[in-house]
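Residue numbers (my numbering): 1259 to 1839.
Every residue gets a Cβ at the ideal spot worked out from N, C-alpha and C, and that includes glycine.
Take a look at the structure set out below.
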RNA sequence: GCGCCCGUAGCUCAACUGGAUAGAGUGUUGGCCUCCGAAGCUAAAGGUUGUGGGUUCGAAUCCCGCCGGGCGCACCA
């Protein structure tokens, strides 16, 4: 239930009536007409720009149009205090019962309050994490992992049919390195002294158990045999183990993908050839020579004739090679084929969460997606900035070379999954962010996770007190919403009522971090209201001698807790009923 | 050199995607616990939204030019 949608429709109907009555021309474009909360609450509950948007096409002064709109608006049920302001805003208030009903709606819908049908069941593919299975999840992965997952939750809440996907490469050079390192660990497990891990292999301890696992499964059958014999089984075994490992680590922060796709499948089932043929049929493939890249020192540049894709037809800065000089596929080809595969599976909206260092991924992929779908499919990339870790105020040095990585598991064990998730969402995705192990668990209002959780816990504290005061089961007793008539009550409800709007706006913009902003506002409003009760006893939630008011206020408090929980659910964070030190 | 992103209070970030007087936190200085959890609330203060033009009823937001920053620019993966 989105009140703003309700009044948007009412106003559109009203404008239609004005056209019929000849007060406005027929066939006006209403798409820019909006109903939103005014920036300054003292202007009213809602505001519409209709008069300003329609003034010009109607050939009338906006204020004149506004006056006519106001006239009709005054006659609507639930509307009061219609005023004309500024350049032509029509502001109005809603009568208290309209607001009070929101509390009932929230309690009836529970955390589903704020769900929207905006997405209309459209299939969306959100691809995130997608780390190659060469090591455990570490600090560098957590930002993208959480951003992708929360975006998926948000889009689901907004009515999209979301598939969470993980794509990994189980071929290629990195995976060969994994295979070789596993072989070394395998020999170690069989009793050999392997000494230091040589340069160019993965030094991390985590491959020890993989090698041991291999030794357990296959015994010594791979010893003293050439690499050509053992590299494939080592790779396969290690990849399978690492994927299990990754799934397990992701589970620690509540992340579960629906689909795992690997590059090998795409390559082996002939998708590359199919895509290539398709592009050929569209006359988008030719043999040619590219100019050397500009602005870069190229000591070994040699012009060569290559098989090129006319990506510049689709806005790319230059055409791109799909085959190398030796005739084998260029590396972007599997990626293109993979996106073709997604489209073939019915996804016209594809979202990719990547690190900022993949800066030109979109440039490379968009032309292909556009060509292969005749412009129907879209690919969006969300770039994530780096997370800088701090311990005791000192930056944590990370070195993958020495195997000195901070794993996701360590972080989650130290601060908890909810804290990690919430913090990753406190900034726009592409900004850099500091993550201080001490600060993120600090129990003060400086810490947004705590602040929001505290508000939720306080709500539950009120519920506990209500039980103590009025006996068990008070929350199920009937309440009279009309008792919520203090301006502060209504103020609180207004904020609750705007939650569905936030969901829609955040989903439209694909900016899940806005949810944290809303939650912080809501928590702040609740803390404020709480404290007002200290100075003005009439605003307290519970009144021993006024059971009816207490029940109504208790309903309000439960609604606040419900909306906080609804927001935290989008974040994938478990709401706390009690804070404990 | 080219492409993408960014530039908002001293600092870290918002601003519901074109709306009215640009808001929070932090830092500084005050006030509030016999009272539902003071782990909180509250007052003051801080701005030519990098800059110069343009578009319109209206611009932090859209367009163009500068200035400054980040990332990317191979047939590597």
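Query - 8 Å Cβ cutoff met for residue 1599 and residue 1524 - result: As a first step, residue 1599 must be located in the first chain, where it is residue number 341. As a first step, residue 1524 must be located in the first chain, where it is residue number 266. A contact, by the Cβ cut-off of 8 Å.
Query raised in the report: Do three or more CB pairs link the segment 1380 to 1395 to the segment 1418 to 1434 at distances below 8 Å?
Result: yes
Query raised in the report: Between the beta-carbon of residue 1614 and the beta-carbon of residue 1688, is there less than 8 Å?
Result: Residue mapping note: residue 1614 aligns to position 356 of the first chain, counting from 1. Residue mapping note: residue 1688 aligns to position 430 of the first chain, counting from 1. Result yes, Cβ atoms of residue 1614 and residue 1688 sit closer than 8 Å.
Query - Pair within 8 Å by beta-carbon distance, residue 1396 and residue 1387 - result: Walking along the first chain from the start, residue 1396 turns up at place 138. Walking along the first chain from the start, residue 1387 turns up at place 129. It is not a contact, given that the beta carbons lie outside the stated cut-off.
Query raised in the report: Would DSSP call residue 1397 helix, strand or coil?
Result: Counting from one through the first chain, the residue named residue 1397 turns up at place 139. Helix at residue 1397.
Report task. Report the three-state DSSP secondary structure of residue 1578 (helix, strand or coil). Result -> For the purposes of this step, residue 1578 is taken as the residue at position 320 of the first chain. Of the three classes helix, strand and coil, the one that applies to residue 1578 here is strand, per DSSP.
Query raised in the report: In the segment 1313 to 1347, which residue ranges form an unbroken beta strand (DSSP E) of at least 3 residues, counting only runs that do not cross its ends?
Result: 1337 to 1343
**Report entry** Simplified DSSP assignment, three categories, for residue 1786
**Finding:** To locate residue 1786, count along the first chain from 1; it is residue 528. Correct three-state label for residue 1786: helix.
**Report entry** Candidates 1454, 1778 and 1632, of which the one nearest residue 1703 by Cα
**Finding:** For this step, residue 1703 is matched to residue 445 along the first chain. Nearest option by C-alpha distance: 1778.
Query raised in the report: If you measure from the CB of residue 1641, is any heavy atom of the ligand FMN nearer than 7 Å?
Result: Questions concerning the ligand FMN fall outside what the structure shown contains, since it holds no ligand whatsoever.
Query raised in the report: With respect to the alpha helix (DSSP H) encompassing residue 1808, which residues constitute its N-terminal and C-terminal limits?
Result: Counting from 1 along the first chain, the entry for residue 1808 is found at position 550. Judged by DSSP secondary structure, residue 1808 falls within the alpha helix (DSSP H) whose first and last residues are 1805 to 1829.
Report task. Report the residue ranges of all beta strand (DSSP E) runs contained in full by the segment 1637 to 1679; include only those spanning at least 3 residues, in chain order. Result -> 1645 to 1649
Query raised in the report: Tell me the DSSP bridge mates of residue 1306?
Result: Taking the first chain and counting its residues from 1, one reaches residue 1306 at position 48. According to DSSP, residue 1306 bridges with 1293 and 1348.
Report task. Alpha carbon to alpha carbon, how far is residue 1823 from residue 1364? Give it in angstroms, no decimals. Result -> Taking the first chain and counting its residues from 1, the one referred to as residue 1364 is at position 106. Taking the first chain and counting its residues from 1, the one referred to as residue 1823 is at position 565. One C-alpha to the other measures close to 11 Å.
**Report entry** Per-residue DSSP class, three states only, for residue 1693
**Finding:** Position 435 of the first chain, counting from 1, holds the residue named residue 1693. Strand at residue 1693.
Query raised in the report: In its own chain, which residues sit with a C-beta less than 6 Å from the C-beta of residue 1833, not counting the 5 before and 5 after it?
Result: As a position in the first chain, residue 1833 is number 575, starting the count at 1. Same-chain partners within the cutoff: 1714, 1823 and 1826.
Query raised in the report: In terms of alpha-carbon separation, which member of 1577, 1765, 1700 and 1575 lies closest to residue 1609?
Result: Taking the first residue of the first chain as position 1, residue 1609 is located at position 351. Comparing Cα-Cα distances from residue 1609 to each of 1577, 1765, 1700 and 1575, the minimum goes to 1765.
Query raised in the report: From what residue to what residue does the alpha helix (DSSP H) around residue 1518 run?
Result: For the purposes of this step, residue 1518 is taken as residue 260 along the first chain, with counting starting at 1. From DSSP, residue 1518 is part of no alpha helix (DSSP H) but of the beta strand (DSSP E) over 1517 to 1520.
Query raised in the report: Is it buried or exposed for residue 1320, if we count other Cβ within 10 angstroms and need 16 for buried?
Result: Reading the first chain from its first residue, position 62 is the one you call residue 1320. Burial call: buried.
Query - Range of the contiguous beta strand (DSSP E) that encloses residue 1425 - result: Indexing the first chain from 1 puts residue 1425 at position 167. Taken as a continuous stretch (DSSP letters only), the beta strand (DSSP E) holding residue 1425 covers 1419 to 1426.
Query raised in the report: Can you give the Cα-Cα distance for residue 1440 and residue 1592, rounded to whole angstroms?
Result: Within the first chain, numbered from 1, the residue matching residue 1440 stands at position 182. Within the first chain, numbered from 1, the residue matching residue 1592 stands at position 334. Residue 1440 and residue 1592: Cα-Cα distance of roughly 26 Å.
Report task. Starting from residue 1587, follow its DSSP beta bridges and name the residues at the other end. Result -> On the first chain, residue 1587 is found 329 positions in, with the first residue counted as 1. DSSP, once it has assigned bridges, lists 1581 as partnering residue 1587.
Report task. Would you mind stating whether residue 1436 and residue 1496 have Cβ atoms separated by less than 8 Å? Result -> Reading the first chain from its first residue, position 178 is the one you call residue 1436. Reading the first chain from its first residue, position 238 is the one you call residue 1496. For residue 1436 and residue 1496, yes; Cβs fall inside 8 Å.
**Report entry** Spatial neighbours of residue 1308 in its chain, beta-carbon cut-off 7 Å, leaving aside the 5 residues before and after
**Finding:** As a working mapping, residue 1308 is identified with position 50 in the first chain. The residues are 1269, 1273, 1291, 1327 and 1348.
Query raised in the report: Taking all protein chains shown into account, do 16 or more other C-beta atoms lie within 10 angstroms of the C-beta of residue 1475, making it buried, or fewer, making it exposed?
Result: For the purposes of this step, residue 1475 is identified with residue 217 of the first chain, where counting begins at 1. Residue 1475 counts as exposed, since fewer than 16 other C-beta atoms from the protein chains shown sit within 10 angstroms of its C-beta.
Requested in this report: Enumerate in chain order the residues of its own chain whose CB-to-CB distance from residue 1377 is below 8 Å, with the five nearest sequence positions on each side excluded.
Outcome: Mapped onto the first chain, residue 1377 falls at position 119. Excluding positions up to five away in sequence, the list reads 1413, 1416, 1417, 1418, 1419 and 1765.
Query raised in the report: What number of angstroms, rounded off, separates the C-alpha of residue 1276 from the C-alpha of residue 1282?
Result: Residue 1276 sits at position 18 when you count from the first residue of the first chain. Residue 1282 sits at position 24 when you count from the first residue of the first chain. So the two alpha carbons sit approximately 6 Å from each other.
**Report entry** Limits of the beta strand (DSSP E) - the one that residue 1608 falls within
**Finding:** In the first chain, the residue the question calls residue 1608 occupies position 350. Start and end: 1607 to 1613.
Query raised in the report: Is it true that the CB of residue 1837 sits closer than 8 Å to the CB of residue 1712?
Result: The residue given as residue 1712 occupies position 454 in the first chain. The residue given as residue 1837 occupies position 579 in the first chain. In this structure, residue 1837 lies closer than 8 Å to residue 1712 by Cβ.
Query raised in the report: Are the beta-carbon atoms belonging to residue 1724 and residue 1800 less than 8 Å from one another?
Result: The count along the first chain starts at 1 and reaches residue 1724 at position 466. The count along the first chain starts at 1 and reaches residue 1800 at position 542. Yes, these two residues count as a Cβ contact at 8 Å.
**Report entry** Continuous beta strand (DSSP E) stretch holding residue 1564: start and end
**Finding:** Translated into positions along the first chain, residue 1564 becomes position 306. For residue 1564, the enclosing beta strand (DSSP E) begins and ends at 1563 to 1567.
Query raised in the report: Counting pairs of beta carbons, one from the segment 1670 to 1689 and one from the segment 1514 to 1523, are three or more of them closer than 8 Å?
Result: With a cut-off of 8 Å on Cβ pairs, the segment 1670 to 1689 is not in contact with the segment 1514 to 1523, counting fewer than three such pairs.
Report task. Mind reading off the beta-carbon distance from residue 1511 to residue 1401? Whole number of angstroms is fine, and I expect it under 8 Å. Result -> Here the question's residue 1511 lines up with position 253 in the first chain. Here the question's residue 1401 lines up with position 143 in the first chain. Residue 1511 to residue 1401, Cβ: 12 Å. No contact.
Query raised in the report: If you compare alpha carbons, which of 1728, 1572, 1785 and 1770 is closest to residue 1750?
Result: The count along the first chain starts at 1 and reaches residue 1750 at position 492. It is 1785.
Query raised in the report: If you drop the 5 nearest sequence neighbours on each side, which residues of the same chain put their C-beta closer than 7 Å to that of residue 1450?
Result: For this step, residue 1450 is matched to residue 192 along the first chain. Cβ within range, chain order: n/a, list empty.
Query - Cβ pair residue 1469, residue 1454 closer than 8 Å - result: On the first chain, residue 1469 is found 211 positions in, with the first residue counted as 1. On the first chain, residue 1454 is found 196 positions in, with the first residue counted as 1. Not in contact: residue 1469 and residue 1454 (Cβ atoms no closer than 8 Å).
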